[in-house]
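Visitor: End of the sequence shown sits at 850 in this note's numbering; the numbers just go up one at a time, nothing left out.
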Amino acid sequence: MDPCLRRDDRKNMQPYNHKQIEKKWQKKWEEEKPFKAEDFSDKEKFYCLVEFPYPSGDGLHVGHVRPYTAFDIISRKRRMEGYNVLFPIGFDAFGLPTENYAIKHKISPVDATKKNIANFTKQMKSLGLSFDWDRVVNTTDSDYYKWTQWIFLQFFKNDLAYKTTMPINWCLSCKIGLANEEVVDGKCERCGGEVEKRDKEQWMLRITEYADKLDKDLDKVDYSERIKIQQKNWIGKSEGVEINFNSEEYDIPVFTTRIDTIFGVTAMVLSPEHPLVMKLVNDDYLDEVKEYVEKCKKKTDIERTIVEKEVTGVLIGASATNPMTGEKIPIWIADYVLAQYGTGAVMMVPAHDERDFVFAKKYGIDIKHVIALSHQEAKLDDVYTDEGYLINSGEFDGLTSQDARIKLADYVEMKEYGRKQVNFHLRDWVFSRQRYWGEPIPIIHCEECGEVPVPEEDLPVLLPSVEHYEPTDTGESPLASIESFVNVKCPKCGGDGKRETDTMPNWAGSSWYFLRYIDSKNKEAFADDKKLRYWVPVDWYNGGMEHTTLHLLYSRFWYKFLFDIGVIPKECKSEPYKKRTSHGLILAKGGEKMSKSKGNVVNPDEVIDDCGADIFRIYEMFVGPFEQPAEWDTQGLGGCRRFVDKVWSLQERISENVDTEKDVEKLLHKTIKKVGEDIEELKFNTAVSALMILTNELVKLALDSDRGKEKVSEDVFKKLVILLAPFAPHLAEEIWENLDNKKSVFKEKWPEYDKELVRDEKIDLIIQINGKLRDTIKVSADISEEDAKEKALSSEKIKKHLEKQEIKKVIFVKGKLINFVV
Ligand code: ANZ
Ligand code: ZN
């Protein structure tokens with residue numbers, strides 16, 4: 029028997045066995061549901077949200093484990109701090125991967141989804157995540173998508189959903205229309221295949237109606253800076269002037285952010301799709317123009333606007349008049365001008381716009397400078413894009429660019445040449461897919477009545493089972509071939525109608541899932557008002573950086589709309605998420621993305637089997653700064669295992685009646701402070717390292733105690749276990765029980781630190797000049813060299829001694845001395 033065992037009746041300590049321990053506690057949590065969120069409570073609420081996974085056939089990725097563990101830690105800590113925590117999870121299960129998987133394996137997407145969700149659930153439970161499993165949502169449940177359809181109808185009734193023909197990005201291999209966001213480097217985001225422009229009838233959501241609010245309200249929320257910047261750029265608010273140039277009987281408005289350069293315009297450029305092109309084109313130019321327009325159709329917007337690419341364009345044989353100068357300028361078409369931004373036409377100022385300059389040089393267009401660096405000096409030989417002073421601009425000469433923009437905008441409005449205009453780069457959201465595995469859009473087409481919404485009481489429009497899920501070459505959804513689905517009566521006039529066969533994009537279900545968690549089983553209403561008032565907004569939402577311009581923006585839009593039409597009670601805030609942060613990806617060793625084809629995927633099930641969930645969790649937190657990418661390194665797991673073993677073995681070496689030394693007491697309180705603060709700042713890696721340092725210190729004491737004296741106090745050890753509990757919940761519960769506690773460790777209060785004990789110690793720092801003692805000053809023991817130098821040099825004595833002498837070298841011994849060599 030170990031002489032240090034605390035009690036005689038203590039059973040012989042078994043070595044750490046993760047399989048036994050983890051299964052035991054998971055079973056208990058499953059039965060007792062200690063992480064169930066209460067609707068309404070005297071406690072303060074805390075709604076902690078992580079992005080729900082797409083249940084793919086590949087199972088959970090080690091990349092999922094990182095944010096899930098991190099926010100499990102935060103949720104567990106909050107509960108210990110006395111909050112009523114809602115930490116829910118669900119499944120975002122509509123969309124292409126499952127549909128493609130089903131096609132390939134000839135099974136139904138419904139069955140594939142069921143199987144995948146079962147697997148994901150098992151995997152997440154085996155990680156000991158403290159989700160409230162009673163609130164799970166699945167976006168493909170008809171009880172769920174009924175409300176997704178219902179929200180669509182509200183959009184439709186408020187004129188924010190409309191159908192239009194528009195050129196969309198068409199992926200040739202997925203046979204699917206892609207949103208701009210889904211085209212990456214001109215290729216399909218999903219399959220990497222060719223994308224071309226095709227005209228298609230599409231359902232659209234008018235997100236542009238909310239562009240200004242989505243931009244402005246970013247000031248109201250606590251999002252990390254990189255997220256805010258990305259959203260702002262994506263929304264792309266741009267303030268300028270729309271000014272009419274004139275050609276024949278047509279007014280051609282252009283949008284410019286640089287009205288101060290209006291006197292430098294030497295050409296006009298229309299987008300190839302501009303409706304006036306075919307009206308203004310001179311017959312001699314027709315063939316060339318037609319050919320050019322055809323060529324542009326094949327390109328995506330992104331290809332068209334890449335700065336490095338060669339600019340091309342053709343003349344159309346017509347001219348326009350600059351209203352400010354009365355000058356006639358030639359009209360070009362060029363693919364760098366986008367049809368869907370501004371007015372689809374620009375005034376060309378080659379002297380002050382980079383792209384215009386390149387274009388003008390290539391085609392011999394006049395270059396006229398109207399901005400100079402100073403009143404005297406004009407820089408005339410090159411493109412000059414900065415601000416400066418106006419020259420060659422009539423009565424506006426001498427003004428700064430900034431003043432000129434204000435004066436000219438007013439002038440243009442006064443003369444009625446145009447008006448001030450705010451544009452957004454954000455486009456309306458293409459909201460239909462011609463595929464099977466999505467929410468049917470609840471609209472019926474009637475020859476008499478047009479587009480008729482399915483009556484709300486007839487929702488959900490169920491997705492019928494079909495024989496084949498393959499997309500069709502005509503670009504129509506497979507639903508179009510199911511007559512019993514398509515042929516229905518018009519709800520308005522009772523005549524023959526046809527059901528819409530497009531389905532919603534996979535971003536639909538995730539645009540409101542965080543609201544469904546609040547009342548996940550409600551069949552009568554979207555959600556209970558009282559519950560919404562209690563839980564909304566989400567207090568902290570974490571997700572991937574890749575969702576910043578898609579999901580995050582979309583869901584803010586849906587929420588704001590629901591708020592505006594009163595579905596969300598007025599008492600709630602107009603923003604759904606108080607705080608948003610993002611994790612870094614987990615990469616394979618060498619910094620590559622994990623992928624099946626490279627064979628470098630780490631399977632979480634295997635890690636859990638080998639090491640257990642707790643070591644896995646600790647490793648994922650320890651692997652590096654949470655917000656940055658990190659490389660998987662199996663060796664790192666070993667270090668975490670040794671840490672856990674040490675904590676485990678410490679429980680045999682503690683005693684109730686130990687006077688803890690001041691040093692240990694101090695270290696404990698510093699650790700409490702550090703772990704608590706680091707968790708809040710997402711510095712999980714340094715929190716783990718602080719726990720390791722404390723553990724090592726206690727092990728040292730324990731080894732001393734093996735020589736006779738017991739030196740590790742039970743109180744100190746208990747605090748360590750409490751601090752470790754959110755990271756390694758199974759281990760902590762087991763040790764806690766071994767310590768004869770009747771209640772769960774998660775019923776303990778999160779420890780507070782003693783301010784006195786964490787205060788920095790002061791030392792007398794010796795200041796030498798050429799090795800001779802000249803002064804001593806009181807500083808904190810861990811002062812840095814830089815701070816020490818600054819303090820030392822401000823000492824009057826030292827100043828006197830140094831007088832005019834040059835310091836050649838500084839020698840610094842931490843916690844002891846600083847020596848200036850002169
Ligand atoms: C004249 C000018 C002179 C311009 C100058 C810039 C610099 P943002 O900030 O993105 O709104 N532009 C306008 N509509 C366009 C379109 N449909 N396709 C491509 N370019 C377009 O940029 C607005 C500027 O982009 C506008 O201001 C216009 O060029 C161009 F020294 O007008 B500018
Ligand atoms: Zn009708």
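Where a beta carbon is used, it is the ideal one built from N, C-alpha and C, also for glycine.
Thinking C-alpha only, which one of F848, G619, S170, K844 is nearest I835?
Guide: Within the sequence shown, the letter at position 807 stands for residue 835. Considering only alpha carbons, the answer is F848.
Visitor: Would you mind reading off the limits of the alpha helix (DSSP H) that contains W764?
Guide: Counted from its first residue, the sequence shown places residue 764 at position 736. From DSSP, the alpha helix (DSSP H) with W764 extends over 757-766.
Visitor: Tell me which residues share the same chain as A367 and place their Cβ nearer than 6 Å to its Cβ, disregarding the 5 neighbours each side in the sequence.
Guide: Numbered from 1 along the sequence shown, position 339 holds the residue referred to as residue 367. Closer than 6 Å at Cβ, skipping near neighbours: S299, E301.
Visitor: For K326, collect the residues of the same chain with a Cβ closer than 8 Å to its Cβ; drop the 5 residues on either side in sequence, then sort them by chain order.
Guide: For the purposes of this step, residue 326 is taken as the residue at position 298 of the sequence shown. Only residues of its own chain outside the window of five on either side were considered, and among them E224, K225 have a CB closer than 8 Å to the CB of K326, listed in chain order.
Visitor: Would DSSP call P868 helix, strand or coil?
Guide: The requested residue 868 is not part of the displayed model; the chain covers only 29 to 850.
Visitor: Near R38, what residues of its chain come up, given a Cβ to Cβ distance below 7 Å and the 5 sequence neighbours on each side ignored?
Guide: Against the sequence shown, residue 38 aligns to sequence position 10. Unreliable placement is indicated for R38, whose pLDDT of 45 sits below 50; no coordinate value is reported for it.
Visitor: Would you grab the beta carbon distance between I271 and P351 for me? Rounded to a whole angstrom, and I think it's under 8 Å.
Guide: The residue labelled residue 271 in the question sits at position 243 within the sequence shown. The residue labelled residue 351 in the question sits at position 323 within the sequence shown. With 8 Å as the limit, I271 and P351 qualify as a contact, their Cβ atoms being about 7 Å apart.
Visitor: Any chance the CB of G370 is under 7 Å from a heavy atom of the ligand ANZ?
Guide: Translated into positions along the sequence shown, residue 370 becomes position 342. Yes, the Cβ of G370 comes within 7 Å of a heavy atom of the ligand ANZ.
Visitor: My output table needs one value for D311: the three-state DSSP class, helix, strand or coil.
Guide: Numbered from its first residue, the sequence shown carries residue 311 at position 283. Reduced to three states, the DSSP call for D311 is helix.
Visitor: Under 8 Å Cβ to Cβ from A508, same chain only, skipping five residues before and after it: list those, please.
Guide: Here the question's residue 508 lines up with position 480 in the sequence shown. Closer than 8 Å at Cβ, skipping near neighbours: T500, V514, T529.
Visitor: Which residue or residues does DSSP assign as beta-bridge partners of Q230?
Guide: Translated into positions along the sequence shown, residue 230 becomes position 202. Q230 is bridged to T192.
Visitor: Quick one: residues in its chain with C-beta nearer than 7 Å to the C-beta of D556, no 5 flanking neighbours on either side, listed in chain order?
Guide: Your numbering for residue 556 matches position 528 in the sequence shown. Excluding sequence neighbours, D556 sits near D547, N550.
Visitor: For a test of the three-state rule: what should DSSP assign to L33, helix, strand or coil?
Guide: What you label residue 33 is simply residue 5 of the sequence shown in a count that begins at 1. Annotation note: pLDDT 38 at L33 (below 50); position unreliable, coordinate value reported separately. Of the three classes helix, strand and coil, the one that applies to L33 here is coil, per DSSP.
Visitor: According to DSSP, is R447 helix, strand or coil?
Guide: For the purposes of this step, residue 447 is identified with residue 419 of the sequence shown, where counting begins at 1. Three-state DSSP puts R447 in a strand.
Visitor: For G666, does the three-state DSSP call read helix, strand or coil?
Guide: Position 638 of the sequence shown, counted from the start, is the residue given in the question as residue 666. Of the three classes helix, strand and coil, the one that applies to G666 here is helix, per DSSP.
Visitor: Based on the DSSP output, what are the partners of F74 in its beta bridges?
Guide: Numbered from 1 along the sequence shown, position 46 holds the residue referred to as residue 74. Beta-bridge analysis with DSSP links F74 to V113.
Visitor: Give the straight-line distance between the Cα atoms of M232 and V482, rounded to the nearest whole angstrom.
Guide: Start at 1 with the first residue of the sequence shown, and residue 232 comes out as number 204. Start at 1 with the first residue of the sequence shown, and residue 482 comes out as number 454. So the alpha carbons of these two residues sit roughly 18 Å apart.
Visitor: Could you compute how far the alpha carbon of G466 sits from the alpha carbon of N534?
Guide: Counting from 1 along the sequence shown, the entry for residue 466 is found at position 438. Counting from 1 along the sequence shown, the entry for residue 534 is found at position 506. The straight-line gap from Cα to Cα measures roughly 7 Å.
Visitor: From C521 to E475, what distance separates their C-alpha atoms?
Guide: Counting from 1 along the sequence shown, the entry for residue 521 is found at position 493. Counting from 1 along the sequence shown, the entry for residue 475 is found at position 447. Distance between the alpha carbons of C521 and E475 is about 10 Å.
Visitor: What are the partner residues of C199, as DSSP defines its beta bridges?
Guide: By 1-based counting over the sequence shown, the position of residue 199 is 171. Per DSSP, I204, V223.
Visitor: Is G522 near the ligand ANZ, judged by its Cβ being under 7 Å from some heavy atom?
Guide: Sequence index remark: in the sequence shown, residue 522 carries index 494 (1-based). Not under cutoff, so the answer is no.
Visitor: Using a Cβ-Cβ cutoff of less than 6 Å, which residues in the same chain neighbour L830 once the five nearest sequence positions on both sides are dropped?
Guide: Sequence index remark: in the sequence shown, residue 830 carries index 802 (1-based). Excluding sequence neighbours, L830 sits near nothing in its chain.
Visitor: Considering just the uninterrupted stretch of the alpha helix (DSSP H) at C639, what are its terminal residues?
Guide: Position 611 of the sequence shown, counting from 1, holds the residue named residue 639. That run of the alpha helix (DSSP H) goes 632-639.
Visitor: Select from I434, G264, C639, E574 the residue whose C-alpha is nearest the C-alpha of L454.
Guide: Your numbering for residue 454 matches position 426 in the sequence shown. Checked all of I434, G264, C639, E574; the closest Cα to L454 is G264.
Visitor: Residue range of the alpha helix (DSSP H) that I707 falls in?
Guide: As a first step, residue 707 is located in the sequence shown; it is residue number 679 there, counting from the start. The continuous alpha helix (DSSP H) containing I707 extends over residues 690-708.
Visitor: If you check the beta carbons only, do I698 and V786 fall under 8 Å apart?
Guide: What you label residue 698 is simply residue 670 of the sequence shown in a count that begins at 1. What you label residue 786 is simply residue 758 of the sequence shown in a count that begins at 1. In the sequence under discussion, the amino acid at residue 698 is Lys, which differs from the Ile named in the question. Yes, the pair counts as a contact, with Cβ atoms nearer than the cut-off.
Visitor: Would you decide whether M375 is buried or exposed? Buried here means 16 or more other CB atoms lie within 10 Å of its CB.
Guide: Residue numbering aside, residue 375 sits at position 347 when the sequence shown is read from its first letter. Classification of M375: buried, given that the 10 Å Cβ count is 16 or more.
Visitor: Since K61 and Y562 are thought to touch, with beta carbons under 8 Å apart, how far apart are those beta carbons, to the nearest angstrom?
Guide: Stepping through the sequence shown from its first residue, residue 61 is reached at position 33. Stepping through the sequence shown from its first residue, residue 562 is reached at position 534. About 20 Å separates the two Cβ atoms, so there is no contact after all.
Visitor: Exposed or buried, L490, counting other C-beta atoms within 10 Å across all chains shown (16 or more means buried)?
Guide: Looking up residue 490 in the sequence shown gives position 462. When all chains shown are included, L490 counts as exposed.
Visitor: Should V364 be counted as a contact of the ligand ANZ given a C-beta to heavy atom distance under 7 Å?
Guide: In the sequence shown, counting from the first residue as 1, residue 364 sits at position 336. Note that residue 364 is Tyr in the sequence shown, not Val. For the ligand ANZ, at least one heavy atom lies less than 7 Å from the Cβ of Y364.
Visitor: Please indicate yes or no: does the CB of G612 lie closer than 7 Å to some heavy atom of the ligand ANZ?
Guide: Working through the sequence shown from its first residue, we reach residue 612 at position 584. For the ligand ANZ, not one heavy atom lies less than 7 Å from the Cβ of G612.
Visitor: For R608, name the three-state secondary structure that DSSP assigns.
Guide: Here residue 608 is taken as the residue at index 580 of the sequence shown, counted from 1. Residue state, collapsed to three classes: strand.
Visitor: Going by Cα to Cα distance, which pick from G341, K435, E498 is closest to K132?
Guide: What you label residue 132 is simply residue 104 of the sequence shown in a count that begins at 1. Of the candidates G341, K435, E498, the one whose C-alpha sits nearest the C-alpha of K132 is E498.
Visitor: Alpha helix (DSSP H) containing Q833: first to last residue?
Guide: As a working note, residue 833 is residue 805 in the sequence shown. For Q833, no alpha helix (DSSP H) encloses it, and the DSSP letter there is neither H nor E.
Visitor: Measure the alpha-carbon distance for A715 versus E552 and round it to whole angstroms.
Guide: For the purposes of this step, residue 715 is identified with residue 687 of the sequence shown, where counting begins at 1. For the purposes of this step, residue 552 is identified with residue 524 of the sequence shown, where counting begins at 1. A715 and E552: Cα-Cα distance of roughly 46 Å.
Visitor: Rank V686, I791, F712, L710 by C-alpha distance to the C-alpha of D743 and give the top, closest one.
Guide: Residue mapping note: residue 743 aligns to position 715 of the sequence shown, counting from 1. Residue V686 is the option with its Cα nearest to D743.
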